[in-house]
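K.L.:
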Amino acid sequence: MKDIIARLKENGVTLTPQRMAVTEFLSRSRNHPTVDEIHRNIQRRYPTMSVATVYSTLKLLKELGEIQELSIRKRGKACFDPNPGLHHHLLCRKCGKILDIDFNHPSNCPIMAKESIDGCKVEEVQAYLYGICPECLKKESDKKG
Ligand SMILES: [Zn+2]
Ligand SMILES: [Zn+2]
Numbered sequence: 002m003k004d005i006i007a008r009l010k011e012n013g014v015t016l017t018p019q020r021m022a023v024t025e026f027l028s029r030s031r032n033h034p035t036v037d038e039i040h041r042n043i044q045r046r047y048p049t050m051s052v053a054t055v056y057s058t059l060k061l062l063k064e065l066g067e068i069q070e071l072s073i074r075k076r077g078k079a080c081f082d083p084n085p086g087l088h089h090h091l092l093c094r095k096c097g098k099i100l101d102i103d104f105n106h107p108s109n110c111p112i113m114a115k116e117s118i119d120g121c122k123v124e125e126v127q128a129y130l131y132g133i134c135p136e137c138l139k140k141e142s143d144k145k146g
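Counted the way this note's numbering counts, the sequence shown spans residues 2 to 146.
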């Protein structure tokens, strides 16, 4: 967390308290929040925080390579990941949460081992899996007794 703030300062980024709040919130979150989710949470502490500020801060962090915007969408909304490195994700069909999947790093993926597929050079693999998260599975099995 300190690292990201330090790096932003090194990049000459002016860290207003509001930008700081967005950066802090996202770096602590594990559930790939949407802009609205980030905004709602921060507004409790910063009632004057606008969605536009959240957007512009996320855009800046993305440009600096500190975070990534996922191409998978949470109920149609863009969501953000404090981990800019390649990793896989699972979208839970029950609760709509997006989880990090700790499975073979994408660079070990058999697709990556191929020089080319159908004449295309493969440079990056990010898998989006669809299924049911452990929490929802537990709820289901609790219901069944
Ligand atoms: Zn779930
Ligand atoms: Zn992730």
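For each residue, glycine too, the CB sits at the ideal point set by N, CA and C.
In this structure, what does DSSP give as the bridge partners for T49?
P.N.:
For T49, which the question treats as bridged, DSSP gives no partner whatsoever.
K.L.:
Which parts of the region 91 to 142 are runs of the alpha helix (DSSP H), unbroken and 4 residues or longer, counting only runs that do not cross its ends?
P.N.:
Entirely contained in the region 91 to 142, the alpha helix (DSSP H) runs reaching 4 residues are, in chain order, 111 to 114.
K.L.:
Relative to the C-alpha of P85, which candidate in C96, S72, P111 and K144 has its C-alpha closest?
P.N.:
Here the closest residue by C-alpha is S72.
K.L.:
Hey, out of N32, L87, P48 and A114, whose CA is closest to R74's CA?
P.N.:
Answer by Cα proximity: N32.
K.L.:
Please classify D82 as buried or exposed, where buried requires at least 16 other C-beta atoms within 10 Å of its C-beta.
P.N.:
Buried, because 16 or more other Cβ atoms sit within 10 Å of the Cβ of D82.
K.L.:
Can you list, in chain order, the residues of its chain with a C-beta nearer than 8 Å to that of R8? Leave out the 5 residues immediately preceding and following it.
P.N.:
Cβ within range, chain order: L65 and E67.
K.L.:
With a threshold of 16 other CB atoms inside 10 Å of the CB of A114, please say whether the residue is buried or exposed.
P.N.:
Classification of A114: exposed, given that the 10 Å Cβ count is below 16.
K.L.:
Taking C93 and G132 to be in contact with their CB atoms under 8 Å, please state how far apart those CB atoms are, rounded to whole angstroms.
P.N.:
Rounded, the Cβ-Cβ distance is 7 Å, consistent with contact.
K.L.:
From K139 to K145, what distance separates their C-alpha atoms?
P.N.:
The alpha-carbon atoms of K139 and K145 are separated by roughly 10 Å.
K.L.:
Around the C-beta of P34, are 16 or more other C-beta atoms found within 10 angstroms, so that it is buried, or is it exposed?
P.N.:
So P34 counts as buried.
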